[in-house]
Amino acid sequence: AQSVTQLDSQVPVFEEAPVELRCNYSSSVSVYLFWYVQYPNQGLQLLLKYLSGSTLVKGINGFEAEFNKSQTSFHLRKPSVHISDTAEYFCAGLPGGSEKLVFGKGTKLTVNP
Amino acid sequence: GAVVSQHPSRVICKSGTSVKIECRSLDFQATTMFWYRQFPKQSLMLMATSNEGSKATYEQGVEKDKFLINHASLTLSTLTVTSAHPEDSSFYICSARDGSTLGAQYFGPGTRLTVL
Chain A
1 AQSVTQLDSQ VPVFEEAPVE LRCNYSSSVS VYLFWYVQYP NQGLQLLLKY
51 LSGSTLVKGI NGFEAEFNKS QTSFHLRKPS VHISDTAEYF CAGLPGGSEK
101 LVFGKGTKLT VNP
Chain B
1 GAVVSQHPSR VICKSGTSVK IECRSLDFQA TTMFWYRQFP KQSLMLMATS
51 NEGSKATYEQ GVEKDKFLIN HASLTLSTLT VTSAHPEDSS FYICSARDGS
101 TLGAQYFGPG TRLTVL
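Protein chains in written order, with this note's numbering: chain A, 1 to 113; chain B, 1 to 116.
Below you can see the structure in the form of structure tokens.
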């Protein structure tokens with residue numbers, strides 16, 4: 001089955017601490033992977049995407065993600081978070097030949113002062 | 001670039017009435033648009049895929065006669081919730097694909113529908 005799994009539903013961290021939000025995908029999803037952020041009562045904003053090439057992808061707001069084919073992972077990282085990073089983060093994959101995104105269930109990141 | 005707007009952002013209506021939600025791609029042509037529904041603290045549920053000039057493709061379990069989708073141009077798609085009931089209250093989000101084979105979906109800000 002095509003799936004994207006976000007292992008943590010909630011991640012609390014303190015301001016200025018590093019954070020990693022985990023995402024694993026089934027091999028049938030593979031190929032194209034995305035991270036989106038959703039602030040309360042808003043739509044989703046694209047943080048970054050992996051299509052091909054370098055496995056380390058840099059996105060907006062200081063986020064980056066690493067595509068790891070052997071571990072079928074695409075974890076999102078930020079070296080130092082801010083209060084304003086508090087939001088819901090969704091990992092998504094685009095199966096080859098499909099135009100429908102497969103979403104993970106989301107991870108709620110809460111940055112505390 | 002890649003901005004998608006939705007209108008209205010919030011709507012409250014009485015049970016039995018119909019509500020139309022517009023989704024526009026402002027700075028690119030969207031060959032494909034998608035409509036999602038999101039319940040509180042949950043992920044997005046794809047309702048339908050809409051291609052310009054053709055009928056929408058609905059996901060299993062989504063009533064096509066209740067959720068009417070029209071993709072009249074490369075920049076506009078509409079979702080009409082017909083004969084709305086309180087259980088239709090939800091957050092509706094559209095997205096648009098920019099036509100590139102490798103393109104990501106760009107999301108609108110969402111519409112909060114409350115049916116009384």
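Beta carbons are placed, not taken as given, at the ideal position from N, Cα and C, and that holds for glycine.
Within the continuous beta strand (DSSP E) that includes residue i, where are the two ends?
i                 : result
Ser77 of chain B  : Leu76 to Val81
Asn112 of chain A : Thr107 to Asn112
Gln6 of chain B   : Val4 to His7
Leu113 of chain B : Thr111 to Val115
Thr32 of chain B  : Thr32 to Gln38
Pro12 of chain A  : Gln10 to Phe14
Determine the chain B residues that contact residue i at a beta-carbon separation under 9 angstroms, and present them in chain order.
i                 : result
Phe126 of chain A : Residue 126 of chain A falls outside the range modelled here, since chain A spans only 1 to 113, and no answer is possible.
Whose Cβ in chain A lies nearer than 8 angstroms to the Cβ of residue i?
i                 : result
Ile93 of chain B  : Gly43 and Leu44
Pro109 of chain B : Gln42 and Gly43
Could you name the residues of chain B that residue i contacts, counting a contact when the two beta carbons are closer than 8 angstroms?
i                : result
Glu99 of chain A : Thr32, Thr49 and Arg97
Would you kindly work out how many angstroms separate the C-alpha atoms of residue i and residue j, rounded to a whole number?
i                 : j                 : result
Ser105 of chain A : Leu51 of chain A  : The residue asked about is misnamed: residue 105 of chain A is Lys in this sequence, not Ser. Taking the straight line from one Cα to the other gives about 21 angstroms.
Thr57 of chain B  : Trp35 of chain B  : 10 angstroms
Gly99 of chain B  : Pro40 of chain B  : 31 angstroms
Phe67 of chain B  : Phe103 of chain A : 22 angstroms
Residues of chain A with CB closer than 7 angstroms to the CB of residue i, please, in chain order.
i                 : result
Leu46 of chain B  : Lys100
Gln105 of chain B : Leu101
Give the residues of chain A in contact with residue i, contact being defined as C-beta atoms less than 9 angstroms apart.
i                 : result
Arg112 of chain B : Asn41
Please compile the residues from chain B whose C-beta is within a distance smaller than 7 angstroms of the C-beta of residue i.
i                : result
Phe74 of chain A : Those within 7 angstroms of Phe74 of chain A in chain B number zero; the least Cβ separation is about 14 angstroms.
Phe34 of chain A : Ala104
- Item | Cβ contact (3+ pairs, closer than 8 angstroms) linking the region 81-95 of chain B and the region 9-27 of chain B | yes
- Item | Uninterrupted beta strand (DSSP E) stretches inside the region 22-97 of chain A (no shorter than 3 residues) | 32-38, 44-50, 56-58, 64-68, 73-78 and 87-94
- Message: If contact is defined by three or more beta carbon pairs under 8 angstroms, each pair taking one atom from either stretch, is the region 16-25 of chain A in contact with the region 90-98 of chain B?
- Response: Remark: fewer than three beta-carbon pairs, one from each stretch, lie closer than 8 angstroms, so the region 90-98 of chain B and the region 16-25 of chain A are not flagged as touching.
- Query: Is the number of C-beta pairs between the region 2-12 of chain B and the region 51-71 of chain B that are closer than 8 angstroms three or more?
  - Reply: no
- Item | the region 86-100 of chain A contacting the region 37-46 of chain A, beta-carbon criterion three pairs below 8 angstroms | yes
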